[in-house]
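This report refers to the structure that appears directly beneath it.
Numbering (the working numbering), first residue to last: 455 to 620.
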């Protein structure tokens, strides 16, 4: 497989994953009152005067809906091709904000793996801006590859250790 094809497949699959997760966030917002931000904000491990006021504003119903619309739009743009570097930065920032919103993972490890994918995309665009796009995609895809392999390795080892200690 060529690097261009691998990068394009990565963009399409990451964009589809982001779009699917965005639809999940939209759906859960309409049916779940337990995940209300006013309830969850008490569990954010930040000093009350630090960044909490920014999160309070971002997670107001209209602003939160706006975040999801931006994320969905950028995900479609990523799948269509040609997402600029600022779009990769915005996707990454929204991904981090969503982790705060749900106090970590909403869907288990898939949220963190999405952030790994977004970091790889960010690396590809950032390195590609300062060096060459080919080098950027090599660095970004290698980052995602190494993170994926090591996360499954650590998970497997810890599972084996737990099994042996029984």
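We put the beta carbon where it would ideally sit given N, CA and C, even for glycine. Keep in mind the model is a prediction, meaning the values are calculated, not measured.
The segment 505–514 and the segment 531–549 do not touch, with fewer than 3 CB-CB distances between them shorter than 8 Å.
For residue 572, the closest of 455, 467, 458 and 456 by C-alpha to C-alpha distance is 467. If only uninterrupted alpha helix (DSSP H) runs of at least 4 residues are considered, those enclosed by the segment 551–612 are 563–584. Closest option to residue 460, judged by alpha-carbon separation, among 596, 494 and 538: 596. Residue 590 is a Cβ neighbour of residue 582, given a cutoff of 7 Å.
In terms of Cβ geometry, residue 548 and residue 521 form a close pair [threshold 7 Å]. Under the DSSP assignment, residue 533 falls in the alpha helix (DSSP H) whose first and last residues are 515–534.
DSSP places residue 495 within a helical segment (H, G or I) once states are collapsed to three. One alpha carbon belongs to residue 506, the other to residue 569, and they sit about 22 Å apart.
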